[in-house]
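Trainee: Protein chains in written order, with the working numbering: chain H, 15 to 212; chain B, 15 to 212. Quick reminder that beta carbons are idealized off the backbone N, C-alpha and C, glycines included. Computed from a predicted structure; not experimentally measured.
Below you can see the structure in the form of structure tokens.
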């Protein structure tokens, strides 16, 4: 069954990035978590190896995805994923389609008519597989509209102190979630919660 | 070795209580987490049974404690624990000693000269065992003063949306924590992070 799954890394104090909102910052925590081993000297100039539990969790998660849904900020910080998101065709929720897009040979598409339409289009593209949702604002929109089936958080062993919060401006709270699947990595803890639909 | 361990339950979105700051609210989440079975009809009018992993985690944690340290708000909400905190002598950080206290046959003591003194006195009372710190404000004070050795969070499967945050007004961030010990309960996930002293 096609599920809509929020996928995000978060610090123990609830932030997805520092105040400058860099995806690089998120990856920086991940690097400092101890979960990642940086290998140099091979055929690649630099290879990142995550811990075996994290690798298995990531394979399990991403192999079930058929499409991605993000907001404009994530799209821009990631520089449009070079035209193709690694986890499937990406739907980007925007007010206006960015200049120069859509591009030929790109699976990145834009949705201008709101979150419900974006989820519907992404589900159709996923063809029975799941839709991954990335970006705090887009995840909040999905959650508030009752469109989310799961919340997958990589809880990083760091306190950021300030930044962009994953859970902010929530409607319909308190909201009890289901029993999570817990995968301890090194430093990072992968938590996968079912969202109980009301 | 005597450690200073923050002990707190927290919602996935980072709150330790709702805006009304009731300890009962924290316990309410715990009840809804699925980790607790309420048994009636026995010799006690009502017995709360937590899941076996949670029970083992709690036994392991509390058996290592020799004293508690809290703030005034926790003391008041808990109505002074009836004069004796279950986990050892309690030191309460206050500006003024509450009327009617200290009481005879009570192990609850008050500290008026700040967090460093409070930790020192609690450590002395703990006699080689660890000091548990409870209450968001007191935990933040310990963390900011570099007095904390571990952070133990019971991460509840609930989004509260608003309330009192566990990690707020932090100094010295970003702060990387050590690799946590992870104990999945039912709904709740027990996370025990070493604090890396700088």
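For the segment 133–142 of chain H and the segment 65–85 of chain H, state whether three or more C-beta atom pairs, one from each stretch, are separated by less than 8 Å.
Mentor: yes
Trainee: Using a beta-carbon distance below 8 Å, is residue 130 of chain B in contact with chain H?
Mentor: Along the second chain, read from residue 1 onward, the residue named residue 130 of chain B stands at position 116. Taking Cβ atoms only, chain H never reaches closer than 8 Å to residue 130 of chain B, which makes this a no.
Trainee: Taking 8 Å as the CB-CB cut-off, is residue 214 of chain H touching chain B?
Mentor: Chain H is shown only over 15 to 212; residue 214 of chain H falls outside these bounds and no answer can be derived.
Trainee: Using three-state DSSP, classify residue 89 of chain B as helix, strand or coil.
Mentor: In the second chain, residue 89 of chain B corresponds to position 75, counting from 1. Residue state, collapsed to three classes: helix.
Trainee: Can you list the beta strand (DSSP E) stretches of 3 or more residues lying completely in the segment 102–162 of chain B, in chain order?
Mentor: 104–107, 122–125, 144–148
Trainee: Classify residue 208 of chain H as helix, strand or coil using the three-state DSSP reduction.
Mentor: Numbered from its first residue, the first chain carries residue 208 of chain H at position 194. Correct three-state label for residue 208 of chain H: strand.
Trainee: Using DSSP with H/G/I as helix, E/B as strand and the rest coil, what is residue 17 of chain B?
Mentor: In the second chain, the residue the question calls residue 17 of chain B occupies position 3. Three-state DSSP puts residue 17 of chain B in coil, outside helix and strand.
Trainee: Measuring straight from C-alpha to C-alpha, what distance separates residue 182 of chain B and residue 117 of chain H?
Mentor: By 1-based counting over the second chain, the position of residue 182 of chain B is 168. By 1-based counting over the first chain, the position of residue 117 of chain H is 103. C-alpha separation (whole angstroms): 44 Å.
Trainee: Which chain B residues sit within Cβ distance under 9 Å of residue 158 of chain H?
Mentor: Within the first chain, residue 158 of chain H is the residue found at index 144, counting from 1. Going along chain B, no residue has its Cβ under 9 Å from residue 158 of chain H, so there is no contact; the nearest lies around 10 Å.
Trainee: From the DSSP output, in three-state form, read off residue 67 of chain H for me.
Mentor: For the purposes of this step, residue 67 of chain H is identified with residue 53 of the first chain, where counting begins at 1. Looking at residue 67 of chain H - three-state DSSP - the assignment turns out to be helix.
Trainee: Residue 100 of chain H bridges to which residues according to DSSP?
Mentor: Translated into positions along the first chain, residue 100 of chain H becomes position 86. Looking at the DSSP assignment, residue 100 of chain H forms no beta bridge with any residue, so it has no partner.
Trainee: For residue 128 of chain H, does the count of other Cβ atoms within 10 angstroms reach 16, so buried, or fall short, so exposed?
Mentor: Here residue 128 of chain H corresponds to residue number 114 of the first chain, with the count starting at 1. Residue 128 of chain H comes out exposed.
Trainee: CA-CA distance, residue 171 of chain H and residue 184 of chain B?
Mentor: Here residue 171 of chain H corresponds to residue number 157 of the first chain, with the count starting at 1. Here residue 184 of chain B corresponds to residue number 170 of the second chain, with the count starting at 1. If you take the alpha carbons of residue 171 of chain H and residue 184 of chain B, they lie about 15 Å apart.
Trainee: Compare the C-beta of residue 149 of chain H with all C-beta atoms of chain B and state if any pair is closer than 8 Å.
Mentor: Position 135 of the first chain, counted from the start, is the residue given in the question as residue 149 of chain H. Interface residue (Cβ-Cβ distance to chain B less than 8 Å): residue 149 of chain H is not classified as such.
Trainee: Would the segment 20–31 of chain H and the segment 173–180 of chain H be scored as touching if the rule is three or more Cβ pairs under 8 Å?
Mentor: yes
Trainee: Can you pull the chain B neighbours of residue 27 of chain H, defined as C-beta to C-beta under 9 Å?
Mentor: For this step, residue 27 of chain H is matched to residue 13 along the first chain. Within 9 Å Cβ-Cβ: 28, 179, 180, 181, 182, 184, 187.
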